[in-house]
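Participant: One structure, as structure tokens, below. Some questions next.
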Amino acid sequence: MLHSLCSTLLSSEVPCLSKEEIEHLLEKPKHREHGDVSFPCFALANLRKTSPQQIAKELSQNLSSPLVRKIEAVGPYVNFFFDPAAVAKEMVNEILAKDSSFGSNQNGDGATIAVDLSSPNIAKPFSMGHLRSTVIGNSLCLIGEKNGYQMVKINYVGDWGTQFGKLIYAYLQWGHPEKVAQNPIEELFTLYVKFHSEAEKDPSLEEDGRKAFQQLEVGNQEYSQIWKSFKEASLLAFQKVYDLLGISFDSWKGESAYNEKMEATISILEEKGLLVESDGAIIVTLENENLPPCLIKKRDGATLYATRDLTAVYDRYHDYHFSHAFYVVGHEQSIHFKQVFSVLKKLEAPFADVLEHIPFGLYLKDGQKMSTRKGRVILLEEVLEESISKAQQNIVARNPDLPNLQEVAKQVGVGAILFHDLKQDRMNSIEFDLDEMLVFEGETGPYLQYTHARAQSLLRKSGEDSFHFSYESHEKSWELIKLLYSFPNQVKQAFVKRSPAIIAQYLLKVAKLFNQYYSQVKILSESEEKESRLALVKAVTVILKEGMRLLGMKAPDQM
Ligand code: ARG
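Quick note on numbering: the sequence shown equals residues 1 to 559 in UniProt numbering.
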């Protein structure tokens with residue numbers, strides 16, 4: 001951050017280099033006696049055809065700033081010595097002035113990124129894997145916006161494929177419409193499980209399922225009607241989860257939206273001469289890419305997951321002219337995305353180079369994959385409700401008179417789950433342990449929210465409503481201020497690395513350092529530094545709140 005102050009200062013005297021170029025040249029001197037930042041003049045000497053020593057001397061004479069107590073030429077270098085008190089003042093007041101827009105940048109220049117996220121499968125419970133995609137994808141969208149991109153959130157609902165043939169068959173065979181209407185997700189899932197156990201005994205059922213899907217693909221009225229009712233019921237159930245998470249989407253175009261456009265995709269593949277017949281199925285071979293072949297059409301003419309992804313991406317490009325497209329999907333689908341992207345390269349699609357699979361690890365329960373196997377349905381909505389009610393118990397234990405307890409409990413219960421996911425490198429598998437996620441002390445969402453609420457309560461107690469920083473002498477404050485001021489850099493890094501964890505880990509550091517400061521300094525005690533201490537507390541709330549927002553979390557003012 002001192003670098004950026006230096007480059008701003010230098011840019012007025014060095015018009016032949018851009019601010020970024022200057023910043024790139026700046027160095028941190030090895031020895032303290034050479035100041036905080038040093039500018040080597042060799043590059044400039046080449047451009048100006050003068051000696052670097054001469055340039056260093058001139059610059060040191062011409063530059064000045066209230067933030068810098070000394071600027072000195074030593075040989076070919078210009079050394080800057082900052083005045084910490086002046087810099088601290090500048091930094092804190094900038095955070096306060098910019099408030100929630102502090103840390104925003106325009107690197108994206110308004111370019112559009114199409115993000116495929118969440119994308120649960122209808123007629124099945126919303127799985128923990130889809131929860132991860134939803135939570136990580138949503139946070140990446142918020143971080144992308146903060147970096148100046150326009151993010152389009154696409155929920156590519158899994159509403160097409162052979163499994164719906166099987167399900168329709170099972171429904172017609174064994175289903176009870178009233179039961180399904182009452183408890184659609186559980187009932188349909190039970191039917192789906194039953195289909196598989198019956199098919200183990202009688203393999204001819206597989207054929208019946210395939211036929212039913214064929215009927216659906218060619219538009220059989222009865223089947224389409226049944227499918228539609230499954231879909232409506234599922235979306236209604238999913239919406240409850242999205243409402244709890246506070247997440248919305250720009251597009252709900254699911255797999256079925258591409259049923260009629262698939263032939264066009266197959267024709268382009270055909271024209272390029274990419275299609276090969278294999279065992280009656282149609283495939284694109286990817287031997288040179290060291291990948292298994294990409295299946296385009298089955299022997300019975302049914303299309304596949306990959307065919308639909310190929311079709312959907314052209315449609316998205318047509319709709320959004322994206323500069324990047326993200327697919328936030330579990331790492332177990334890595335091969336699938338490699339195949340799809342390779343086929344698009346062979347097709348020379350104009351967007352083939354800007355597609356990115358953003359993978360993540362599994363959710364584990366007691367070390368095992370959390371899944372919906374064999375009818376053991378974990379309903380996410382129930383998990384969220386449980387987290388909220390536990391959060392409520394924790395809050396009541398500390399603060400029984402809290403106004404709008406329920407709203408805050410919801411923010412804390414949901415925040416705990418979001419943060420537990422996002423604080424880890426997304427490729428890690430994560431252990432699901434509600435009690436651990438909900439403790440107020442520890443690396444948890446509630447810990448951040450509680451720290452923020454404590455800071456807010458100090459501000460309330462002070463009775464002030466405008467804050468200005470001039471000088472604060474405690475040694476911890478300088479560390480804290482530098483950390484707060486590094487937020488913009490964290491925002492950039494989090495986007496570059498596609499990593500909400502960078503923000504999450506950073507917020508934990510801020511909270512820890514602030515809590516240390518808070519335990520060592522009597523913030524509200526009367527002294528001439530009180531106003532500045534409060535201003536620093538206010539700056540902490542700005543960063544914590546905005547940082548949590550980037551993770552999709554709420555920051556209650558009281559809890
Ligand atoms: N519905 C799919 C599944 O649950 C995920 C879809 C991911 N997105 C995609 N474009 N393939 O496996």
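C-beta: ideal position from N, C-alpha, C; glycine also.
Using three-state DSSP, classify F81 as helix, strand or coil.
Facilitator: The answer is strand: DSSP assigns F81 an E or B state.
Participant: On the DSSP letters alone, give me the boundaries of the alpha helix (DSSP H) that R69 sits inside.
Facilitator: Premise fails: R69 lies in the beta strand (DSSP E), 68 to 74, not in any alpha helix (DSSP H).
Participant: Return yes when at least one heavy atom of ligand 1 lies under 8 Å from the C-beta of Y327, else no.
Facilitator: yes
Participant: With a threshold of 8 Å, establish whether the CB of N121 neighbours any heavy atom of ligand 1.
Facilitator: yes
Participant: What is the rounded straight-line gap between the Cα of E71 and the Cα of D36?
Facilitator: Strictly speaking, residue 71 in this sequence is Ile, with Glu absent from that position. When rounded, the distance between both Cα atoms is 10 Å.
Participant: Taking the alpha-carbon positions, what's the L402 to E436 distance?
Facilitator: Rounded to the nearest angstrom, the two C-alpha atoms are 23 Å apart.
Participant: Taking the alpha carbon of K297 as the point to measure from, which residue in E386, E270, E287, N394 has its own alpha carbon closest?
Facilitator: E270
Participant: Spell out the partners DSSP gives V284 in its beta bridges.
Facilitator: C294
Participant: How about Q163: is its Cβ closer than 8 Å to a heavy atom in ligand 1?
Facilitator: no
Participant: Spell out the partners DSSP gives K365 in its beta bridges.
Facilitator: Paired residues: Q368.
Participant: Beta-carbon within less than 7 Å of L551's beta-carbon, same chain only, minus the 5 sequence neighbours each way: which residues are those?
Facilitator: S139, L418, F419, L422, P500, I503, A504
Participant: So, is residue 574 buried or exposed, given that buried needs 16 or more other C-beta atoms within 10 angstroms?
Facilitator: What is shown of the chain runs 1 to 559, which leaves residue 574 out entirely.
Participant: When you compare the segment 437 to 449 with the segment 377 to 395, are there three or more beta-carbon pairs, one atom per stretch, that lie closer than 8 Å?
Facilitator: yes
Participant: According to DSSP, is F249 part of a helix, a strand, or is it coil?
Facilitator: coil
Participant: For the alpha helix (DSSP H) containing L344, name the first residue and the last one.
Facilitator: 334 to 346
Participant: Mapping DSSP to helix, strand and coil, what is D208?
Facilitator: helix
Participant: Beta strand (DSSP E) containing S278: first to last residue?
Facilitator: 276 to 278
Participant: Considering only C-alpha positions, which residue in the set F469, T50, Y320 is nearest to E94?
Facilitator: Closest in C-alpha terms to E94, from the list F469, T50, Y320, comes F469.
Participant: Run through DSSP, which three-state label would P52 get?
Facilitator: helix
Participant: P40 by DSSP, collapsed to three states: which one?
Facilitator: For P40, the three-state secondary structure derived from DSSP is strand.
Participant: What does the alpha-carbon distance come out to for the pair A302 and Y258?
Facilitator: 13 Å
Participant: Exposed or buried, A73, counting other C-beta atoms within 10 Å across all chains shown (16 or more means buried)?
Facilitator: buried
Participant: Quick check on DSSP: helix, strand or coil for L167?
Facilitator: helix
Participant: Considering just the uninterrupted stretch of the beta strand (DSSP E) at L355, what are its terminal residues?
Facilitator: Under the DSSP assignment, L355 falls in the beta strand (DSSP E) whose first and last residues are 355 to 358.
Participant: Give the single residue among E145, E348, A312, Q424 whose Cα lies nearest to the Cα of W160.
Facilitator: It is A312.
Participant: When we look at the beta-carbon of C294 and count the other beta-carbons within 10 Å, is it buried (16 or more) or exposed?
Facilitator: Buried, by the Cβ-count rule.
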